[in-house]
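Peer 1:
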Amino acid sequence: MTAHIVGEVMTRDVVHARRTTPFKEVVRLLDHHRISGVPVVDADDKVLGVLSGSDLIRNQAHRDGPTPPPDVTAGAVTAGDLMSSPAITVHPEQTVPDAARLMERRGVERLPVVDEADRLVGIATRRDLLRVFLRADDDIRRQVTEEIVVTAMGLPSDTVRVAVRDGVVTLDGRVEARGQVPELVHAVWRLDGVVGVVNGLGFRVDDRETATPSRRTVSP
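Quick note: the sequence shown, position 32, residue 32 per my numbering, numbers continuous.
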């Protein structure tokens, strides 16, 4: 079974800043490209941190205060002063679900994508990761039948009837063993672009029944 990887959905033409990029230039970059944040890189394109519009606003909000909080640099004027560091990054070969889980767990909106030397090669935003849900229903149906039903489960293609509408997969038919049902449903649920799975599968043999232990007669 195949899953989309970050390298397939990431944006390759990355708008970035240097450590010395002035505050106002970062604001111009965000406004001109209509983005909400940029990675900050060094002279070798290695990612040093990430700077978001929220970081810029947060810094400005404290300019008129009596004292800036300890994690805000007073009078900061460059990207290096304001960026969040270290950056949370991913590699191009990581799967989209793994990247999505990382993004959700760390509460970030974008993930710089780096190579083995930590050089910037792309960026993955929430919008990029959601592209997998734009897959055509026919494409999903074909993958379920060919890669899961036939290849992974070893079943004849007509054993399971697969219907897909708006990313929701409906499975109908009868498999041989009861244990194959949750295995098949789980495999379908993990496919890129699948929004939900409706299970209408039956089975011929209940391979999960626990055999009743035989009684032993103990002679006095």
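All C-beta atoms in this analysis are idealised placements derived from N, C-alpha and C, irrespective of residue type, glycine included.
Given this structure, state the Cα-to-Cα distance separating Pro112 from Gly173, to the nearest angstrom.
Peer 2: Numbered from its first residue, the sequence shown carries residue 112 at position 112. Numbered from its first residue, the sequence shown carries residue 173 at position 173. Approximately 44 Å, taken between the alpha carbons.
Peer 1: Which partner residues does Phe203 have in the DSSP bridge list?
Peer 2: Here residue 203 corresponds to residue number 203 of the sequence shown, with the count starting at 1. The partner list for Phe203 (beta bridge, DSSP) reads Val175.
Peer 1: Classify Leu294 as helix, strand or coil using the three-state DSSP reduction.
Peer 2: For the chain, the structure presents residues 1 to 220; residue 294 sits outside this window and is missing.
Peer 1: Label Ser54 either buried or exposed according to how many other C-beta atoms from any shown protein chain fall within 10 Å of its C-beta, with 16 as the threshold for buried.
Peer 2: Your numbering for residue 54 matches position 54 in the sequence shown. Answer is exposed; the Cβ neighbour count stays below 16.
Peer 1: By Cβ distance, which residues of its chain are closer than 6 Å to Gly7, with the 5 residues on each side in sequence left out?
Peer 2: Start at 1 with the first residue of the sequence shown, and residue 7 comes out as number 7. For Gly7, where only same-chain residues beyond five positions count, the Cβ hits under 6 Å are Pro92.
Peer 1: Check whether the segment 133 to 145 touches the segment 7 to 24, counting contact only when three or more Cβ pairs, one atom from each stretch, lie closer than 8 Å.
Peer 2: No contact exists between the segment 133 to 145 and the segment 7 to 24.
Peer 1: Helix, strand or coil for Gly7? Go by DSSP, reduced to three states.
Peer 2: Translated into positions along the sequence shown, residue 7 becomes position 7. Looking at Gly7 - three-state DSSP - the assignment turns out to be helix.
Peer 1: For Gly37 and Val149, I'd like the C-alpha separation in whole angstroms.
Peer 2: Taking the first residue of the sequence shown as position 1, residue 37 is located at position 37. Taking the first residue of the sequence shown as position 1, residue 149 is located at position 149. Going by the C-alpha atoms only, they are around 42 Å apart.
Peer 1: Please report the straight-line C-alpha distance between Met10 and Val205, rounded to a whole angstrom.
Peer 2: Position 10 of the sequence shown holds residue 10. Position 205 of the sequence shown holds residue 205. Approximately 45 Å between the Cα atoms of the pair.
Peer 1: Please classify Val77: does DSSP put it in a helix, a strand, or coil?
Peer 2: On the sequence shown, residue 77 is found 77 positions in, with the first residue counted as 1. Reduced to three states, the DSSP call for Val77 is coil.
Peer 1: Report yes if the CB atom of Lys46 is closer than 7 Å to the CB atom of Arg165, and no otherwise.
Peer 2: Along the sequence shown, one-based indexing puts residue 46 at 46. Along the sequence shown, one-based indexing puts residue 165 at 165. No, they are not a contact pair.
Peer 1: Per DSSP, which one or two residues make a beta bridge with Gly49?
Peer 2: Translated into the one-based positions of the sequence shown, residue 49 becomes position 49. Its beta-bridge partners are Val40.
Peer 1: Output the distance between the C-alpha atoms of Asp139 and Leu82, rounded to the nearest integer angstrom.
Peer 2: As a position in the sequence shown, residue 139 is number 139, starting the count at 1. As a position in the sequence shown, residue 82 is number 82, starting the count at 1. Asp139 and Leu82: Cα-Cα distance of roughly 44 Å.
Peer 1: Tell me, to the nearest whole angstrom, how far the beta carbon of Thr89 is from that of Val121; I am working on the premise that it is less than 8 Å.
Peer 2: Sequence index remark: in the sequence shown, residue 89 carries index 89 (1-based). Sequence index remark: in the sequence shown, residue 121 carries index 121 (1-based). In fact, because the Cβ distance is near 10 Å, the residues do not count as touching under 8 Å.
Peer 1: Kindly indicate which residue of Arg161, Val41 and Ile5 has the alpha-carbon position closest to the one of Val14.
Peer 2: Residue mapping note: residue 14 aligns to position 14 of the sequence shown, counting from 1. Selected option, being the one with the closest Cα: Val41.
Peer 1: Here's the rule: buried if 16 or more other CB atoms are within 10 angstroms of the residue's CB, otherwise exposed. What is Ile57?
Peer 2: Taking the sequence shown and counting its residues from 1, the one referred to as residue 57 is at position 57. Exposed.
Peer 1: Please classify Ser157 as buried or exposed, where buried requires at least 16 other C-beta atoms within 10 Å of its C-beta.
Peer 2: For the purposes of this step, residue 157 is taken as residue 157 along the sequence shown, with counting starting at 1. So Ser157 counts as exposed.
Peer 1: In whole angstroms, what is the alpha-carbon distance linking Leu29 and Val195?
Peer 2: Taking the first residue of the sequence shown as 1, we reach residue 29 at position 29. Taking the first residue of the sequence shown as 1, we reach residue 195 at position 195. When rounded, the distance between both Cα atoms is 35 Å.
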